[in-house]
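Peer 1:
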Amino acid sequence: MIDIKLIRENKELVKENIKKKFQDHKLPLVDEVYDLDEKFRNCKLEGDKLRAEKNKLSDSIGKLVRDGKKDEIAKIKEEVAKANDRITVLEEEQVKLEEEIKKRMMVIPNIIDKTVPIGKDDSENVEIQKFGDPVVPKYEIPYNADILEAVGGLDKESAGRTSGNGFYYLMGDIARLSSAMLAYARDYMIDKNFIYCIPPFMIRSDVVTGVMSFDEMDAMMYKIEGEDLYLIGTSEHSMIGKFKGQILKENELPITMTSYSPCFRKEVGAHGIEERGIYRVHQFEKQEMIVLCKPEDSFDWYNKMWQFTVEIFRNMDIPVRQLECCSGDLADLKVKSCDIEAWSPRQQKYFEVGSCSNLGDAQARRLGIRVKGEKGNYFLHTLNNTVLASPRGLIALLENNYNEDGSVNIPKVLQPYMGGKKKLEKVK
RNA sequence: GGAGUAGUACUCAAGAGGCUGAAGAGGCGCCCCUGCUAAGGGUGUAGGUCGGGUAACUGGCGCGAAGGUUCAAAUCCUUUCUACUCCGCCA
């Protein structure tokens with residue numbers, strides 16, 4: 010959500026930005042907001058004046074009561090009643106205008122950074138840099154579910170019976186490997202001075218609507234029956250929600266946190282659930298990082314954050330690349346964002362394993378997260394990035410450490426978390 | 001899940017329909033006295049948010065949240081959230 014003052018002062022900039030994101034259908038919204046805002050302020054001004062008058066009159070009644078001049082009161086009451094009638098009308102109008110403005114402001118996209126490449130959709134995202142050689146071995150790399158089953162680590166059949174499609178049992182060393190990756194990722198972030206946090210896995214609807222639109226909510230979030238609670242789709246929801254409506258002190262910034270949580274997603278829509286593998290599923294686990302910082306620091310953090318993820322994957326012998334989101338693919342709340350993609354030697358292409366975003370002050374404005382500054386309060390900047398998610402990270406690991414004989418090497422950094430084990434052997 | 005108590009600004013805290021943007025204190029700024037890890041005295045100061053105004057300034061809202069009663073609500077009523085205590089249940 011952008012600052013409405015930007016529309017008051019620089020409509021053209023907001024429109025230009027919409028064009029850059031190829032959302033021309035939203036262009037009329039800017040003028041609509043401009044007009045509605047003007048009406049709103051007029052309405053508020055008139056209402057405020059009337060309320061001031063009413064307050065004065067009410068006060069004078071108080072004085073008359075004290076002085077015992079009861080006879081003069083009736084006339085004043087009448088006047089107040091008249092003012093109240095008009096105030097009621099204006100208040101209704103004001104509420105309506107506010108709603109209309111908010112509705113539009115929620116869909117007017119955040120101003121993107123000038124470095125964001127212009128493009129229509131994800132096909133125009135830009136590869137910035139590769140880390141590690143994308144090796145294609147001479148032997149064939151099996152499909153992720155097949156590798157998992159070959160080392161005895163996956164049972165989707167049972168999961169189908171207990172929970173349906175989109176769920177899985179990870180078994181034995183694979184389950185341990187999955188936990189090992191998350192633990193390694195967690196410890197890596199702790200070493201970088203991020204505070205480890207286990208957040209609530211369910212949140213209330215007002216927090217949900219603070220972080221996403223109704224459409225997104227419908228497509229992603231599982232609702233708990235009979236309660237005002239939703240299962241989180243990512244710990245970012247609880248982590249940013251933690252600060253909703255808060256005013257922080259400047260010297261508390263930056264706040265850097267890394268959180269673990271299971272994530273639940275309906276995955277309704279374009280791609281849907283993957284039938285056989287564990288690439289797109291209803292439930293996964295994720296180590297996440299979030300930063301709340303001063304506006305001037307957010308780009309430094311952005312660059313640090315995606316590099317952390319790159320290093321973690323490189324330490325597990327997984328080649329990755331940084332793919333920058335082009336203007337058209339960038340979510341409306343974001344200023345700049347990139348995906349970290351891992352190399353898939355089977356598909357011989359990169360696939361998404363994480364996403365790093367700088368949201369500027371948009372999220373903070375929407376949730377009312379402020380900083381107490383010397384010249385008054387202001388909205389801080391929020392960023393989030395995937396440290397590592399499983400099973401997706403697991404797929405990347407398995408494919409890139411797969412040997413011709415069907416065994417899988419365990420990267421050195423994970424071995425301590427695997428009881429010293431160096432290799433997973435094929436059992437089937 | 002049941003029963004009770006409470007929620008006031010950065011913090012503590014007064015207030016029990018009109019004179020309360022909200023006493024008092026801590027805090028914070030400055031000054032003085034004293035000196036060993038303290039304390040005392042003086043003096044000044046702020047306040048969140050949305051508007052109007054070039055500005056000085058000024059108006060609305062605001063006492064956990066949302067409604068209601070009233071000419072007038074921090075104060076009365078309803079709903080709700082949170083914390084604490086007791087009981088129940090449970091990893």
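In our numbering, the protein residues as written are 10 to 437. No residue lacks a Cβ here, since even glycine has one placed at the ideal position from N, Cα and C.
Check this for me: beta carbons of residue 389 and residue 373, under 7 Å apart or not?
Peer 2: Yes, the pair counts as a contact, with Cβ atoms nearer than the cut-off.
Peer 1: Please state whether the Cβ-Cβ distance between residue 3 and residue 125 is less than 7 Å.
Peer 2: Outside the displayed range of the chain (10 to 437) lies residue 3, so it cannot be described from this structure.
Peer 1: Would you report the Cα separation of residue 290 and residue 116, rounded to the nearest angstrom?
Peer 2: Rounded to the nearest angstrom, the two C-alpha atoms are 28 Å apart.
Peer 1: Do the region 212-219 and the region 232-239 make contact, defined as three or more Cβ pairs closer than 8 Å?
Peer 2: The answer is yes - the region 232-239 touches the region 212-219, with three or more Cβ pairs under 8 Å.
Peer 1: Give me the residue from 405, 146, 84 and 224 with the minimum Cα distance to residue 287.
Peer 2: Nearest C-alpha to residue 287: 405.
Peer 1: Ends of the beta strand (DSSP E) at residue 51?
Peer 2: No beta strand (DSSP E) contains residue 51, which is instead part of the alpha helix (DSSP H) from 36-76.
Peer 1: Provide the residue span of the alpha helix (DSSP H) that contains residue 317, from first to last.
Peer 2: Here the alpha helix (DSSP H) through residue 317 covers 307-323.
Peer 1: Identify whether residue 126 lies in helix, strand or coil by the three-state DSSP scheme.
Peer 2: Of the three classes helix, strand and coil, the one that applies to residue 126 here is coil, per DSSP.
Peer 1: What residue from 61, 56, 196 and 60 has the CA that sits closest to residue 99's CA?
Peer 2: Comparing Cα-Cα distances from residue 99 to each of 61, 56, 196 and 60, the minimum goes to 56.
Peer 1: Please determine, among 355, 86, 329 and 282, the residue with the shortest C-alpha to C-alpha distance to residue 169.
Peer 2: Nearest C-alpha to residue 169: 282.
Peer 1: Have a look at 38, 94 and 78 and flag the residue whose alpha-carbon is nearest the alpha-carbon of residue 59.
Peer 2: If we check each option's Cα against that of residue 59, 94 comes out closest.
Peer 1: How many Å lie between residue 235 and residue 271 at the Cα?
Peer 2: So the two alpha carbons sit approximately 22 Å from each other.
Peer 1: Here's the rule: buried if 16 or more other CB atoms are within 10 angstroms of the residue's CB, otherwise exposed. What is residue 88?
Peer 2: Exposed: under 16 other Cβ atoms inside 10 Å.
Peer 1: Among 424, 370 and 54, which one has its Cα closest to the Cα of residue 13?
Peer 2: Looking at the Cα atoms, 370 is the closest of the given residues.
Peer 1: Thinking C-alpha only, which one of 136, 381, 31 and 193 is nearest residue 261?
Peer 2: Among 136, 381, 31 and 193, the Cα nearest to that of residue 261 belongs to 381.
Peer 1: Quick one: is residue 54 buried, meaning 16 or more other Cβ sit within 10 Å of its Cβ, or exposed?
Peer 2: So residue 54 counts as exposed.
Peer 1: Is DSSP giving residue 395 helix, strand or coil here?
Peer 2: Here residue 395 sits in strand by DSSP.
Peer 1: Is the number of C-beta pairs between the region 333-352 and the region 136-145 that are closer than 8 Å three or more?
Peer 2: Contact holds: three or more Cβ-Cβ distances are below 8 Å.
Peer 1: Extract the residue ranges of the alpha helix (DSSP H) inside the region 209-260, only unbroken runs of 4 or more that lie entirely within it.
Peer 2: Complete alpha helix (DSSP H) runs here, min 4: 214-220, 223-229 and 244-250.
Peer 1: Can you tell me where the alpha helix (DSSP H) holding residue 274 begins and where it ends?
Peer 2: That residue, residue 274, is in no alpha helix (DSSP H); it is neither H nor E in DSSP.
Peer 1: With a cut-off of 8 Å on the beta carbons, I'd call residue 297 and residue 393 a contact; round off their distance for me.
Peer 2: Yes, residue 297 and residue 393 are in contact; Cβ-Cβ is about 7 Å, under 8 Å.
Peer 1: By DSSP, does residue 289 sit in helix, in strand, or in coil?
Peer 2: Residue 289: coil per DSSP, three-state reduction.
Peer 1: Determine the burial state of residue 356: buried for a count of at least 16 other Cβ atoms within 10 Å of its Cβ, exposed for fewer.
Peer 2: Result: exposed.
Peer 1: May I ask which residues mark the beginning and end of the beta strand (DSSP E) holding residue 138?
Peer 2: It spans 135-140 - the beta strand (DSSP E) in which residue 138 sits, taken as one unbroken run.
Peer 1: Return the Cβ separation of residue 400 and residue 293 in integer angstroms, given the expectation that the two are a contact with Cβ distance under 8 Å.
Peer 2: Going by Cβ atoms, the distance from residue 400 to residue 293 rounds to 6 Å, so yes, they are a contact pair.
Peer 1: Going by the DSSP bridge assignment, what does residue 302 pair with across the sheet?
Peer 2: In the DSSP output, where bridge partners are listed per residue, residue 302 has 390.
Peer 1: Determine the direct distance from the alpha carbon of residue 256 to that of residue 64, and round the result to whole angstroms.
Peer 2: Using only the alpha carbons, I get a separation of about 31 Å.
Peer 1: With a threshold of 6 Å on Cβ separation, who are the neighbours of residue 182 within its own chain once the five nearest residues in sequence on each side are excluded?
Peer 2: Counting only Cβ-Cβ distances below 6 Å, and skipping sequence neighbours, we find 433.
Peer 1: Express the C-alpha separation of residue 69 and residue 340 in angstroms, rounding to a whole number.
Peer 2: Each residue's Cα considered, the two are about 55 Å apart.
Peer 1: DSSP on residue 355, reduced to helix/strand/coil?
Peer 2: DSSP places residue 355 in coil when its eight states are reduced to three.
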